[in-house]
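Participant:
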Amino acid sequence: MMAVAYLPTLSRMQIRVQTGTDSEGKPVFKSRNYNNLKPSSTDEDFYAVALAIAGLQTHLVDRIRRINEGDLNEA
490 MMAVAYLPTL
500 SRMQIRVQTG
510 TDSEGKPVFK
520 SRNYNNLKPS
530 STDEDFYAVA
540 LAIAGLQTHL
550 VDRIRRINEG
560 DLNEA
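Positions in the sequence shown are counted from 1; adding 489 to them yields my numbering.
Encoded structure:
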C-alpha cells in the first residue's frame with residue numbers, strides 16, 4: 490500500500506443561523522460563509538473566531554462548521 494500525504498490548501502467557515510419559522514412552525518435556516526481562512530489555524534483558534542462572529546449575529550446560531558480542502562499526494 491502506498492503512503493499518501495494530505496496538504497491543506499484552504500479552509501472555510503460556515504455559520505448557520507435560524508432566521509425564523511415557516512408557516513408550519515418549522516425552523517428556517519440561512520448560512521453565513523467566510524472564505525479564504527488560514528488552513529493551518531488550529532481548531533481551537535478557528536472555533537474562537539467563529540464564536541466571536543456568532544456573538545455579532547442577531548439570529549440564533551444553530552451550527553458552526555469548518556470546511557477544509559487540500560491536495561493528496563504520494564508521500
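We put the CB at the ideal spot given by N, CA and C, even for glycine.
Since the structure is predicted, the reported quantities are computational estimates derived from the model, not experimental observations.
Between the alpha carbons of MET490 and ARG554, how many angstroms are there, rounded?
Facilitator: The count along the sequence shown starts at 1 and reaches residue 490 at position 1. The count along the sequence shown starts at 1 and reaches residue 554 at position 65. Each residue's alpha carbon lies about 32 angstroms from the other.
Participant: For LEU561, does the three-state DSSP call read helix, strand or coil?
Facilitator: Residue mapping note: residue 561 aligns to position 72 of the sequence shown, counting from 1. Of the three classes helix, strand and coil, the one that applies to LEU561 here is strand, per DSSP.
Participant: How is ALA494 classed by DSSP in three states: helix, strand or coil?
Facilitator: In the sequence shown, counting from the first residue as 1, residue 494 sits at position 5. The answer is strand: DSSP assigns ALA494 an E or B state.
Participant: Mind checking which residues open and close the beta strand (DSSP E) that includes LEU545?
Facilitator: Numbered from 1 along the sequence shown, position 56 holds the residue referred to as residue 545. Element bounds for LEU545: n/a, residue is neither H nor E.
Participant: Relative to the alpha-carbon of LEU499, which residue among GLY544, ARG552, ILE556 and SER520 has its alpha-carbon at the smallest distance?
Facilitator: Within the sequence shown, numbered from 1, the residue matching residue 499 stands at position 10. It is ILE556.
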